[in-house]
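Here's the structure we're looking at; comments come further down.
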Amino acid sequence: MILKERLEDYTEAEFLMLIKELYQNLDGLDSNELERRRDSIVSSFRKLTEHPDGADVIYYPPEGADDSPQGVVNRVKEWRAANGKPGFKPA
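Those letters in the sequence shown? Residues 86 to 176, by this note's numbering.
Printed below as a string of structure tokens:
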């Protein structure tokens, strides 16, 4: 998947697939390619979401929170809505 410039350029389903790439090697990349891809996604995640916790949203969810890719997407949606930021584009 090509990384986009703004969160509102993604549908929720597209962003979920992007987050899933952090959990699974969906494209069958070798270990070096996979590490570079994941680094790129995490860097993009920080920029796209503007969340003050950055990548901790992915790697260190609150105690008892859903730590799945969908849980990450939900936390991003909730934070952006609570802070007056645009959400995902309509599907």
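Note that CB positions come from ideal geometry on N, CA and C, so glycine has one too.
Cβ pair residue i, residue j closer than 9 angstroms
i      : j      : result
Tyr108 : Leu133 : no
Ile104 : Pro154 : yes
Glu97  : Phe173 : yes
Leu88  : Ser125 : yes
Span separating the alpha-carbon of residue i from that of residue j
i      : j      : result
Pro120 : Ala166 : It is worth fixing the name first, because residue 120 is Glu in this sequence and not Pro. When rounded, the distance between both Cα atoms is 31 angstroms.
Asn159 : Glu135 : 14 angstroms
Tyr144 : Lys162 : 17 angstroms
Ala150 : Arg122 : 26 angstroms
Leu114 : Glu106 : 11 angstroms
Leu92  : Pro175 : 12 angstroms
Cβ neighbours of residue i in the same chain (closer than 6 angstroms, five flanking residues each side left out)
i      : result
Gly139 : Arg131
Val178 : There is simply no residue 178 to check, as the chain begins at 86 and stops at 176 in what is shown.
Asn110 : Leu119
Ser129 : Leu88
Residues of its chain near residue i, where Cβ-Cβ distance is below 8 angstroms and the 5 sequence neighbours each way are ignored
i      : result
Gly156 : Pro146, Ala150
Asp152 : Pro146
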